[in-house]
Amino acid sequence: LLLGCKRIDNNDNYIEYVTNCLNNNNVTNNVGSGYKYYVPRGVKKIHDYDYNQIFLNKETKFYLYVDIISYFYDKELKIENIDNNFYYQTINFNEKKGFIKIESKENNEYFVSIVYNYAKLEFYASYEKLDKLITMSSIILNSVEYNDTIIEKILEGDFGEFSEFTYEVDKP
C-alpha cells in the first residue's frame, strides 16, 4: 500500500510511519481559525468546530484538536503516562515534540492518540488498519501551519477585524 509518505508494510514500528511523514513538506487545503492544514485524499472533513474537527475515512472517524494557545505561548508538552499501553513512543522532530500512544481495547480494537505540533489526532481502529490510519494522521498533524497574526488577534478578542477565508476556484 502506498500512501503519501512511504510504503506501508504492516509492521509494528508505528513511529517509523510517523517520522517518514514528518520528513515531507505538505501543502494545505483546509483553513481553521488561526491555522491551516492538509487533509489527504480519502479523508473527508465532516464537522468543524473552531479548533476541533472531525474527519471520516471509510468508517473510521478521526478527531483533531488544535491548541493555538499552547502554540502561541510556546508551552511545553506534557508527556502522558506510558504505563499499560500497547505502544508508546515520543516524537522529537524539527524542534517539535509529541508522542504516539496506542491503547488496546476490547474486540481487537485500539485507541490511538498522536500529539505533534500543538495538535492531537485521535481515533479507534482495528489492528489491521493501524498503520494506514497512523500514516494519514501524521500527514494531517505535520501539515498544521499557524498564523501568528490571526492567533494574536483571536487571543486579544479582536478577531472581527481580521480573518482568513478559503476560496474555491471554479473547476472545469
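The sequence shown runs contiguously to residue 174 in the working numbering. Each residue gets a CB set at the ideal place from its N, CA and C atoms; glycine is no exception.
In whole angstroms, what is the alpha-carbon distance linking residue i and residue j?
i: Lys8; j: Ser140; result: Bear in mind that the predicted position of Lys8 carries a pLDDT of just 44, short of 50, making it unreliable; the figure below should be weighed with that in mind. Going from the Cα of Lys8 to the Cα of Ser140 covers about 12 angstroms.
i: Asn119; j: Lys134; result: 20 angstroms
i: Tyr129; j: Phe88; result: 11 angstroms
i: Leu66; j: Asn110; result: 23 angstroms
i: Arg43; j: Phe64; result: 14 angstroms
i: Phe113; j: Ile93; result: 18 angstroms
i: Asn96; j: Tyr73; result: 15 angstroms
i: Gln55; j: Gly34; result: 9 angstroms
i: Asn144; j: Asp50; result: 19 angstroms
i: Ile48; j: Tyr39; result: 15 angstroms
i: Val215; j: Asn86; result: Residue 215 lies beyond the residue range present for the chain, which begins at 3 and ends at 174; the question has no answer from this structure.
i: Asp52; j: Ser106; result: 30 angstroms
i: Glu78; j: Tyr126; result: 27 angstroms
i: Ile81; j: Ile104; result: 14 angstroms
i: Thr1; j: Glu147; result: Outside the displayed span of the chain (3 to 174) sits residue 1, for which this structure offers no information.
i: Ile152; j: Tyr90; result: 34 angstroms
i: Asn149; j: Val117; result: 19 angstroms
i: Ile142; j: Asp76; result: 20 angstroms
Does DSSP put residue i in a helix, a strand or coil?
i: Ile81; result: coil
i: Asp50; result: strand
i: Ser115; result: strand
i: Glu105; result: strand
i: Tyr120; result: coil
i: Ser72; result: helix
i: Tyr129; result: helix
i: Lys60; result: coil
Thinking residue i and residue j are a contact (beta carbons under 8 angstroms), I'd like their distance in whole angstroms, please.
i: Asn59; j: Met138; result: 6 angstroms
i: Glu124; j: Ser115; result: 5 angstroms
i: Val41; j: Phe57; result: 7 angstroms
i: Thr62; j: Lys131; result: 7 angstroms
i: Ile70; j: Gly36; result: 5 angstroms
Can you list the alpha helix (DSSP H) stretches of 4 or more residues lying completely in the segment 138-163, in chain order?
-> Taking 4 residues as the minimum length, the alpha helix (DSSP H) runs contained wholly in the segment 138-163 are 150-157, in order along the chain.
Is it true that the segment 149-160 meets the segment 86-104, where meeting means three or more beta-carbon pairs spaced less than 8 angstroms apart?
-> Between the segment 149-160 and the segment 86-104 there are fewer than three C-beta pairs closer than 8 angstroms, too few to call the two in contact.
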